[in-house]
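K.L.:
Heads up: the sequence shown is residues 1137 to 1538, going by the numbering used here.
Note that the Cβ used here is the ideal one computed from N, Cα and C, for glycine as well.
After the structure tokens below, expect a handful of questions from me.
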Amino acid sequence: MNYGFLCRACGLRLSFQPGTSRCRCGGTLLVEYDLERARRTLTKESLKHRVTSMWRYRELLPVQSKDSIISLGEGWSPLIRLHYAERLLPLGKLWVKREEQNPTGSFKARGFSAALSIAREYGINKVAVNSNGNAASALAAYAAYAGMEAYVFVPRDCPGIIVEECVQYGAHTCLVDGFIHDAGKIIIDGQQEQGWYNVGTLKEPGRAEGKKTMGLELSEQLGWRLPDVIIYPTGGGSGVIGMWNAFQQLKQLGFIQGDLPRMVSVQEAGCQPLVDSMASGSGFKPQSGHVDSSPTGMRVPHPPDGHLILSILRESGGIAIAVSREEILQAGAAYGRQGISASPEGAAALAGLTRLIDQGWIRPNDEVVLFNTSHAMKYMPWKLAASLPVVKTYQDWLRAVK
Ligand SMILES: Cc1ncc(COP(=O)(O)O)c(C=O)c1O
Ligand SMILES: [Zn+2]
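Now the structure itself:
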């Protein structure tokens, strides 16, 4: 095996195992690869001829046999310039990575493709996740494709369409009277008795590894360079953790040089443990007070390893900011006017950009990449159509638009 675990907190090395990602010191275990060996086949040239999914980076994913790979075509999402916004805003270049184009309409597909491929390699076929929604529907789809049994636990105010999706993919779907961490406790309590393989955030190695491919792709799509700033809507944090890990590996492989991007985590006001911990100037503290934010993927008051997210933000020279519900709505509409279907999380990243430009934190020459992590469609309240005119003839239409 050309990979093993390395603890981000204490530096301990352990052999790779499927069902854990926690060191005995409490730190997060990330997968470390034999990069000398990887370099023999993973070259900039070889990548030009590879599959356009995240599995193009197979040397950097912890799966041994090609037959274990469970893929619905995730990854290699478009990275497009936002020319219209660039003309309005004082910044260098602006891109959006269109993660909503993944299977099941969110970036969560990447993590589950990796996690369930590992599960298949180890003969596991009963999987469970706690989620704010998108991870649940992604797990449901990948488990269905792999012929595994899926159990998903989501807060009761999870957007209805996402719950429908889980049921449609055949997952045992349960609504929980509580937050994502309450849902997680149900899995931990039942895990032994039910034989569930827990694919919750940072409970196993695959999800962070799958999300790592966002960072690998971003660099390749920009011609093996990186932007000055990455703005990412953050909840459990495995996106930030995965991407930061990607950049380290690309550096070690010699694929990129120079400074790494300043990482920005955006949260919604009312559930902002990263923002508050960053402002306190000391260690990470989960949110203990009242949680008052919308049911989105950013609503994670107790991320499993907030210390690690915070240390990455600090190491990168980044920041965590909270944006209001109103700013998110406005940014979603602004994205819509540019032809981009953005979920509240994706819109929050755009709202964060506006805020950071106003504060002077983003400078006029900065190159920025936003992550649009999911589709607006998964969250639509159906109220836009209700105010539209209904017509039968052209004359009706003329009257209605007058
Ligand atoms: C659409 C969307 N964006 C962002 C996030 C937060 O991602 P992470 O867990 O990587 O912080 C989630 C998580 O549920 C999500 O569904
Ligand atoms: Zn450790």
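Within 10 angstroms of its Cβ, does Leu-1444 collect 16 or more other Cβ (buried), or is it exposed?
P.N.:
Buried: at least 16 other Cβ atoms inside 10 Å.
K.L.:
For a test of the three-state rule: what should DSSP assign to Asn-1381, helix, strand or coil?
P.N.:
Asn-1381 falls in the helix class under three-state DSSP.
K.L.:
Taking the alpha-carbon positions, what's the Tyr-1305 to Thr-1240 distance?
P.N.:
Whole-angstrom Cα-Cα distance: 10 Å.
K.L.:
Tell me where the beta strand (DSSP E) around Trp-1231 begins and ends.
P.N.:
Looking at the DSSP string, the run of the beta strand (DSSP E) that includes Trp-1231 is 1230-1234.
K.L.:
Taking the straight line between their C-alpha atoms, what separation do you get for Ser-1253 and Gln-1385?
P.N.:
Going by the C-alpha atoms only, they are around 21 Å apart.
K.L.:
Hey, could you find the ends of the alpha helix (DSSP H) Gly-1468 is sitting in?
P.N.:
Element bounds for Gly-1468: 1461-1472.
K.L.:
According to the neighbour-count rule (16 or more other Cβ atoms, all chains shown, within 10 Å of its Cβ), is Lys-1235 buried or exposed?
P.N.:
The amino acid at residue 1235 is misidentified as Lys; the sequence shows Glu. Glu-1235 should be labelled buried.
K.L.:
Quick one: give me the first and last residue of the beta strand (DSSP E) that Cys-1553 is part of.
P.N.:
Nothing about residue 1553 can be reported from this structure: the residues present for the chain run from 1137 to 1538 only.
K.L.:
For the segment 1337-1388, list the beta strand (DSSP E) runs that are entirely contained and at least 3 residues long, ordered along the chain.
P.N.:
With a minimum length of 3 residues, the continuous beta strand (DSSP E) runs that stay inside the segment 1337-1388 are 1365-1369.
K.L.:
Would the segment 1494-1501 count as touching the segment 1461-1468 if we require 3 or more Cβ pairs under 8 Å?
P.N.:
These segments do not touch.
K.L.:
Is the segment 1280-1300 touching the segment 1221-1228, taking contact as three or more C-beta pairs under 8 Å?
P.N.:
Not touching, per the Cβ criterion.
K.L.:
Comparing C-alpha positions only, which one of Ala-1487, Leu-1446, Pro-1439 sits nearest to Glu-1266?
P.N.:
The sequence as given places Asn at residue 1266; Glu does not occur at that position. Comparing Cα positions, the closest option is Pro-1439.
K.L.:
By alpha-carbon positions, which one of Glu-1195, Pro-1291, Cys-1407 ends up nearest to Val-1459?
P.N.:
Closest by alpha carbon: Cys-1407.
K.L.:
Less than 7 Å separating the Cβ of Ala-1271 from some heavy atom of ligand 3?
P.N.:
Here the bound small molecules are ligand 1 and ligand 2; ligand 3 is not part of this structure.
K.L.:
Got a list of residues with beta-carbon closer than 5 Å to any non-hydrogen atom of ligand 2, in chain order?
P.N.:
Result: Cys-1143, Ala-1145, Cys-1146, Leu-1148, Cys-1159, Cys-1161, Gly-1163.
K.L.:
For Thr-1445, which of helix, strand or coil comes out of DSSP?
P.N.:
Residue 1445 is actually Ile in this sequence, not Thr. If DSSP states are grouped into helix, strand and coil, Ile-1445 belongs with the helices.
K.L.:
Checking 8 Å against the spacing of the C-beta atoms, do Gly-1209 and Glu-1353 come in under that value?
P.N.:
No.
K.L.:
Would you call Tyr-1530 buried or exposed, if buried means 16 or more other Cβ atoms sit within 10 Å of its Cβ?
P.N.:
By the neighbour-count rule (16 or more Cβ atoms within 10 Å), Tyr-1530 is not buried but exposed.
K.L.:
Taking the C-alpha atoms as reference points, what is the distance between Met-1190 and Thr-1349?
P.N.:
In a straight line, the C-alpha of Met-1190 is about 6 Å away from that of Thr-1349.
K.L.:
Going by DSSP, what residue range makes up the alpha helix (DSSP H) through Ser-1413?
P.N.:
1409-1416 is the span of the alpha helix (DSSP H), which, as asked, contains Ser-1413.
K.L.:
What is the DSSP secondary structure of Ala-1456, reduced to helix, strand or coil?
P.N.:
Strand, per DSSP.
K.L.:
Decide if Tyr-1220 is buried, meaning its Cβ has at least 16 other Cβ atoms within 10 Å, or exposed.
P.N.:
Classification of Tyr-1220: exposed, given that the 10 Å Cβ count is below 16.
K.L.:
Would you kindly check if the distance between the Cβ of Val-1263 and the Cβ of Ala-1280 is under 8 Å?
P.N.:
No, these two residues do not count as a Cβ contact at 8 Å.
K.L.:
What is the DSSP secondary structure of Lys-1262, counted as helix, strand or coil?
P.N.:
In this structure, Lys-1262 counts as strand in the three-state DSSP scheme.
K.L.:
Note down, in chain order, each residue of its chain lying with its Cβ closer than 7 Å to the Cβ of Ala-1251, except the 5 sequence neighbours on either side.
P.N.:
If we look at Ala-1251 and ignore the five residues flanking it on each side, its Cβ neighbours are Val-1335, Glu-1340, Gly-1342, Arg-1343, Gly-1346.
K.L.:
Taking 7 Å as the cut-off, is the CB of Thr-1370 close to at least one heavy atom of ligand 1?
P.N.:
Yes, since a heavy atom of ligand 1 falls inside the 7 Å radius drawn around the Cβ of Thr-1370.
K.L.:
Go ahead and pull the three-state DSSP assignment for Arg-1398.
P.N.:
Strand, per DSSP.
K.L.:
In terms of residues, what are the limits of the beta strand (DSSP E) holding Phe-1289?
P.N.:
Here the beta strand (DSSP E) through Phe-1289 covers 1285-1291.
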